[in-house]
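There are 2 protein chains.
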Amino acid sequence: MKRYEQLAELLAADIRTGRLAPGTRLPSIRTITAQHGLSASTAFKAYYQLEEKGLVRAQTRSGYYVTALAAQQLAAPARGAADGKPGKASARAAATVAQRPDVSELVFSVLGAAQEPGMVPLGSAFASPGLFPLQRLGKSLARTSRFLQGPDTVASLPRGDEALRRQIAQRYLGMGMAQPAEELIVTHGALEALNLCLAAVAQPGDLIAVESPGFYASLQALERLKMKALEIPVHPQDGLDLAALADALKRRPVKACWFMTSFQNPTGASLPLEKKKALVALLASHDIPLIEDDVYAELYFGSRGFLPAKAFDRKGLVMHCSSFSKTLAPGYRVGWVSPGRFGQQIERLRLMTTLSASLPAQLAVADYLQYGGYDKHLRKLRHAMESQLSSLLAALARHFPAGVRVSRPAGGYFVWVEFAEGFDALALHQAALAQGISVAPGPIFSARRNFRHCLRLNYGYPWSDGYEAAMQTLGGLARRQSPYR
Amino acid sequence: MKRYEQLAELLAADIRTGRLAPGTRLPSIRTITAQHGLSASTAFKAYYQLEEKGLVRAQTRSGYYVTALAAQQLAAPARGAADGKPGKASARAAATVAQRPDVSELVFSVLGAAQEPGMVPLGSAFASPGLFPLQRLGKSLARTSRFLQGPDTVASLPRGDEALRRQIAQRYLGMGMAQPAEELIVTHGALEALNLCLAAVAQPGDLIAVESPGFYASLQALERLKMKALEIPVHPQDGLDLAALADALKRRPVKACWFMTSFQNPTGASLPLEKKKALVALLASHDIPLIEDDVYAELYFGSRGFLPAKAFDRKGLVMHCSSFSKTLAPGYRVGWVSPGRFGQQIERLRLMTTLSASLPAQLAVADYLQYGGYDKHLRKLRHAMESQLSSLLAALARHFPAGVRVSRPAGGYFVWVEFAEGFDALALHQAALAQGISVAPGPIFSARRNFRHCLRLNYGYPWSDGYEAAMQTLGGLARRQSPYR
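First to last, the protein sequences are chains A and B.
Add 86 to a position in the first sequence, counting from 1, and you land on the number used in my numbering.
Add 86 to a position in the second sequence, counting from 1, and you land on the number used in my numbering.
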C-alpha cells in the first residue's frame with residue numbers, strides 16, 4: 087500500500103467510526119503533512135482518493151469536508167475507485183449534444199484550488215486586482231456616498247442608476263453603436279445578466295447552443311435550469327465553427343445560443359467581424375436569440391477593439407452582456423445587459439430574484455466613468471496584459487515540450503494550450519497543485535468533459551520569477567507524461 | 087360609448103395602424119388628460135381596458151407600452167374584455183393547491199402604480215427612506231472605501247465579508263441564538279437568499295407550502311421555478327393555521343415551506359412562540375425544510391423582539407433569511423441566510439448565479455453595525471412605526487365604513503384590512519389610483535387571487551395631513567361600493 091493510500095485509509099477509518107463526522111472539515115494540507123511527515127503531493131493524492139470515493143468533498147476555498155453520504159456509503163458494499171478517465175479527449179468536427187451537463191463538481195474543485203492562498207494562479211479566472219485603479223475608484227465611492235444620504239436617491243431604480251446607464255450608453259456610442267440608456271439594465275455583475283437572459287428566453291428541457299470548449303458558467307447555468315447543451319466547436323484562433331452551427335440549427339430545435347464572441351474564455355479566440363455578421367444573420371434567419379457574453383471586450387490589444395455581434399443585430403435578438411469586473415471594479419458586482427427585444431422579461435425576472443443592483447457600487451462606477459480616467463487606465467491595462475502574454479508565450483516556448491500548441495489571443499487574459507492526444511491535463515492539474523501551482527484543465531470547459539489534453543493558462547498577473555519558475559515546473563511535469571516521456 | 091371607451095378605441099386604432107408600434111410607450115396619464123381634456127380616472131380606465139385586451143402592458147414605474155402581441159391580436163377575431171373578476175373572495179378553512187401561480191402581471195401592475203411619483207404610498211412595500219440613518223451610513227461607506235483600495239480585499243469572498251458575518255452572528259447571539267459566522271451566507275438582499283433557498287431544496291413540479299395571504303415574491307418564485315403552491319391559511323393575528331398545515335402534510339407531498347413567522351407580509355401577523363416551536367417540530371417530524379423569511383424581525387414594538395422558528399431548529403432544516411433593507415440600508419442590497427444543513431447547495435447556486443454580494447455595500451454595513459449605533463437607530467425607528475400605526479388605525483376608525491376589520495400587528499409596517507364579502511379591492515385600487523393614492527389589493531397576495539375584499543395598507547411613512555386626507559378619500563371610495571351603499 088502506497089503512503090497516500092495509507093493516509094486515505096486512516097482518514098476513511100476515522101470517518102467510518104464517526105471520529106470525523108459528516109460536515110467536519112478535514113485537516114488542512116499543511117497540518118496533515120506536518121502531522122504525518124508526508125509531502126503535500128501525497129496528502130493531496132489521499133484527499134483526492136477520498137473525494138473520488140465520495141467520502142469528502144472540496145468546498146470552495148475552504149478545504150475538504152466529510153460528506154453527508156460518507157456514513158451510508160461506508161455501510162454499503164465497497165465501491166471501486168473511479169478510473170478517473172471520463173471520455174477520451176478529442177476535438178469534434180460537429181456539434182454534440184450532452185443531455186445533462188454535470189460539470190459543477192469538477193469546476194468547484196478546480197476553482198477552489200486555484201484560490202488557495204499562495205498558489206501561483208495560472209488557473210485563476212481573474213486578473214490581478216493590483217492592475218485596477220482601486221484607489222481612484224475608492225475615491226469615487228467616498229465621493230458618491232453623500233448622494234446616498236438623501237431619501238430621494240434611495241428609491242429602488244428599475245433598470246439601474248441613470249447616470250451609470252448614460253455612461254455605458256456613451257461607451258457604446260464610442261464604438262459606433264447606439265444602445266439607448268433607457269433600454270440598458272444594470273445587473274449584479276455580468277453573471278447575473280447572462281443567467282437572467284437564459285431564463286428569459288428558454289425553459290427546462292430546451293436545447294441551448296454553447297461553445298466547446300466554453301465558459302463553464304454557461305454549462306453550470308444549463309445544469310441549474312435543467313436545459314440541454316449543444317456543444318459547437320470553437321477554433322482557438324477564429325472562434326466558433328459557423329458551419330457546424332448552421333448544420334446543427336437545421337437538424338435540432340435550438341432555443342438560444344450563449345457565445346463569447348471576442349477573447350473567448352477559455353481559448354482567447356475572437357470571431358472576425360465578417361463571421362460575427364454571418365452569425366447574426368444565421369440566427370436571425372432562424373429567429374434564435376443570442377446571449378452574447380462580452381466581458382473581455384475592453385481588453386483588446388492594438389489600437390482598437392472588436393465590435394460585438396450586437397452591432398449587427400437588427401431584430402433585437404442579441405442580448406449583449408458585459409461588466410466592469412474584468413477591467414475596473416472586481417467585487418463591486420456591476421454588470422449590464424443591452425437586452426434587445428427581451429428587456430421586459432429580463433427586468434421582471436430580476437425584480438423577482440434580486441430586485442436591483444447595489445446602489446453604492448453603481449454610483450461609484452458611474453462617478454469613476456465620468457471623472458476617473460477610465461480610458462487612460464484601460465490603455466495601461468491593455469499594455470500590461472499584452473506584455474504579460476509575451477512573457478507567458480516565451481516561457482511556454484522555453485519550458486514546455488515541443489509540439490505543444492498555444493492560442494494567440496488578440497485580447498483578454500487567457501491562452502489555450504493543447505498537448506498531444508493522450509495527455510492528461512487533470513493529472514497535470516493535480517501534480518501542479520501539489521507544487522503550489524494552479525492550472526485550469528480542459529474538461530471543466532466541456533459538458534462532456536472533453537479536452538482532457540488541454541489547459542487554460544491565465545496571464546492576468548504581472549510576470550515575475552515565480553511565474554517563470556512555475557512554468558518551468560509545469561513543463562517538467564508535462565514531460566513526465568507518456569506522450570512526452 | 088363612454089369617454090374612456092372612446093379613448094381606448096382611439097389608442098387601439100393607433101396601435102392597429104402602426105402609429106403606435108409594439109414597444110412604444112403610451113403617453114403618460116398627465117399628458118393624455120391634458121391632450122383630451124379628460125380626468126385621470128377616465129384615462130386610467132382606458133389604459134386598463136387596453137391592458138385587459140392585451141394591447142398594452144404596464145411596465146414597472148415607467149408607464150404603459152404597446153405589446154409585441156398587439157399587432158397579431160388585432161388581426162385575430164376581437165376578444166371580449168375580461169370580466170375582471172377572477173374567483174370569489176373568501177377565506178378558506180383548509181389548504182388549497184394552485185397548480186400554477188400566475189400572479190406576476192397583477193403584482194407588477196399594482197407595484198408599478200404604487201411607485202409613481204406623487205402617489206400617496208399606502209400600497210408601497212417599502213418604508214420611508216427618511217426614517218433610515220442614511221447620513222451615518224454614507225459616512226461608513228466613505229470610511230470603508232479605503233479598505234477597497236488594496237488588492238487583498240478584492241479577492242472574491244465565498245460567503246461574504248467576514249466582519250459583516252461576525253456582526254450578524256453577534257446580533258443572533260444577542261437574541262440568544264448561536265448562528266456561527268462561518269455558516270452565514272451574505273446575499274444580494276433577502277430576496278436573493280429566499281430564492282436561492284427555494285432552488286436549493288426543491289425542483290420544478292414540487293409542491294411548496296406558502297401562506298395565504300402571503301408575500302407575492304414567494305408566489306412569483308414558484309411561478310418562475312415552475313413549482314406548485316399549497317396555500318395555508320393565515321390568521322391576521324396569530325398567523326399560520328398549523329392544523330391546516332399538519333393536515334396538508336399528511337395528505338400531500340410537500341417539498342418545502344416558505345413562511346414569514348413574525349410581522350407577516352401582508353397581514354402583520356406573528357406566530358406566538360409556542361406555535362413557532364410546534365411548527366418546527368411538525369416539519370422536523372416530516373423532514374421538510376422551512377424557508378423562514380424574517381425581514382421585519384427588528385421592527386418589533388415593545389421592549390423585545392420575537393425569536394424566529396430558527397431558534398428551535400435542531401435538525402438544520404430551517405433556512406433563516408433576513409436583510410438590512412427594511413431597517414437600515416435600502417438600495418444597498420445586503421441580506422443573508424443562516425442556511426442550516428443547506429449551506430453548500432445555497433453557496434454553489436449563488437456562485438453560479440451572482441457570485442458574491444457587492445463588496446462596498448457589505449463593508450459599509452459592517453462598519454455601521456460596529457460603530458454607527460444601530461440599536462439606537464432601531465429604537466427610534468420602532469417608536470416611529472408604532473406611532474404611525476396608531477395614526478393609521480385612528481384614521482381608519484374615523485373614515486372607513488363600520489364593520490371593516492383591521493389586523494393589529496406587533497411590529498413591521500403593514501396592516502391588513504378586511505371589508506365585507508363582495509367588496510372589490512381591485513376596483514378600490516383603481517379608483518384610488520385615479521385620486522393619486524396607491525393601495526395593495528388582496529388578490530396580489532394569493533396564487534388563486536383570493537382576498538378580493540381585502541387590502542394591505544402601509545404605515546411605514548411619517549403621518550401627515552396628506553395621509554389623513556388620503557384615508558378619508560379611501561373611506562369615501564369604499565362607501566360607494568355595494569356592501570356599504
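We treat Cβ as the ideally placed atom computed from N, Cα and C, and that holds for glycine.
Asked                                                                                                                             : Found
Where L234/B meets chain A, residues with beta-carbon distance less than 8 Å                                                      : L220, L223, G224, L227, G417
Bridge partners - G421/B, DSSP secondary structure assignment                                                                     : T273/B, S409/B
Stretch-stretch touch, CB-based, cutoff 8 Å, three pairs: the stretch 495-515 of chain B with the stretch 347-354 of chain B      : yes
Delimiting residues of the alpha helix (DSSP H) encompassing K362/B                                                               : 359-372
Bridge partners - P569/A, DSSP secondary structure assignment                                                                     : Answer is none; P569/A lacks a bridge partner.
Option nearest A480/B by Cα separation, candidates M557/B, I294/B, G140/B, M313/B                                                 : M557/B
Where R178/A falls: helix, strand or coil (DSSP)                                                                                  : At R178/A the pLDDT is 38, less than 50, meaning the model places this residue with poor confidence; the figure from the coordinates comes in the next sentence. Coil at R178/A, not helix or strand.
Beta carbon proximity, P290/A to chain B, threshold 7 Å                                                                           : yes
Alpha helix (DSSP H) segments (min. 4 residues) lying fully within the stretch 508-539 of chain A                                 : 511-520
R310/B: contacting residues in chain A (beta-carbon distance under 8 Å)                                                           : A285, L435, M438, T439
Burial state of L359/A, where buried means 16 or more other Cβ atoms lie within 10 Å                                              : exposed
Own chain partners of S210/B with C-beta closer than 6 Å, once the 5 adjacent residues on each side are dropped                   : A200, N544
Cβ neighbour criterion (16 or more within 10 Å) applied to R491/A                                                                 : exposed
Chain-ordered residues of the stretch 269-285 of chain A with a beta carbon less than 8 Å from chain B                            : H274, G275, L277, E278, N281, A285
Buried versus exposed, by CB contacts within 10 Å (16 or more), D461/A                                                            : exposed
Distance CB(I271/A)-CB(R245/A) smaller than 7 Å                                                                                   : yes
Euclidean distance between Cα positions of M438/B and L308/A                                                                      : 10 Å
Close beta carbons around E269/B, own chain, < 7 Å, minus the five adjacent residues each side                                    : S424, P425, G429
Inter-residue spacing [alpha-carbon to alpha-carbon] between H372/B and A288/B                                                    : 15 Å
Bridge-paired residues (DSSP) for S298/A                                                                                          : P319/A
Run of the beta strand (DSSP E) containing D379/B, from where it starts to where it stops                                         : 376-379
Beta-carbon gap between K341/B and L293/B smaller than 7 Å                                                                        : yes
Any C-beta of chain B under 7 Å from that of Q306/A                                                                               : yes
Near-chain B residues of the stretch 334-354 of chain A - C-beta to any C-beta below 8 Å                                          : none
Under 8 Å (Cβ pairs) to chain B, residues found in the stretch 441-470 of chain A                                                 : L441, S442, A443, S444, L445, P446, A447, A450
Alpha-carbon to alpha-carbon, A249/B and A267/B                                                                                   : 9 Å
Contacts around E137/A, its chain only, beta-carbon distance under 8 Å, and the 5 residues preceding and following it disregarded : R143, A144, Y150, S195
Closest by C-alpha distance to L112/B, when choosing among H515/B, Y570/B, I377/B, L97/B                                          : L97/B
As assigned by DSSP and simplified to three states, the class of V501/A                                                           : strand
Minimum C-alpha distance to A564/A - residue among I530/A, G508/A, P529/A                                                         : G508/A
Neighbourhood of K88/B by C-beta, 6 Å cutoff - its chain only, sequence neighbours within 5 removed                               : none
Top-ranked residue by Cα proximity to W422/B, from A132/B, A286/B, S408/B                                                         : S408/B
Backbone CA spacing between L208/A and I523/A [nearest angstrom]                                                                  : 7 Å
Other residues of its chain near A177/A: CB distance less than 7 Å, five sequence neighbours each side excluded                   : In this prediction, A177/A scores a pLDDT of 35, lower than 50, which makes its location untrustworthy; the coordinate-derived value is nonetheless stated afterwards. So the qualifying residues of the chain are P319.
Within-7 Å CB hit, S408/A to chain B                                                                                              : no
CB contact flag (T440/A, E433/B, <7 Å)                                                                                            : no
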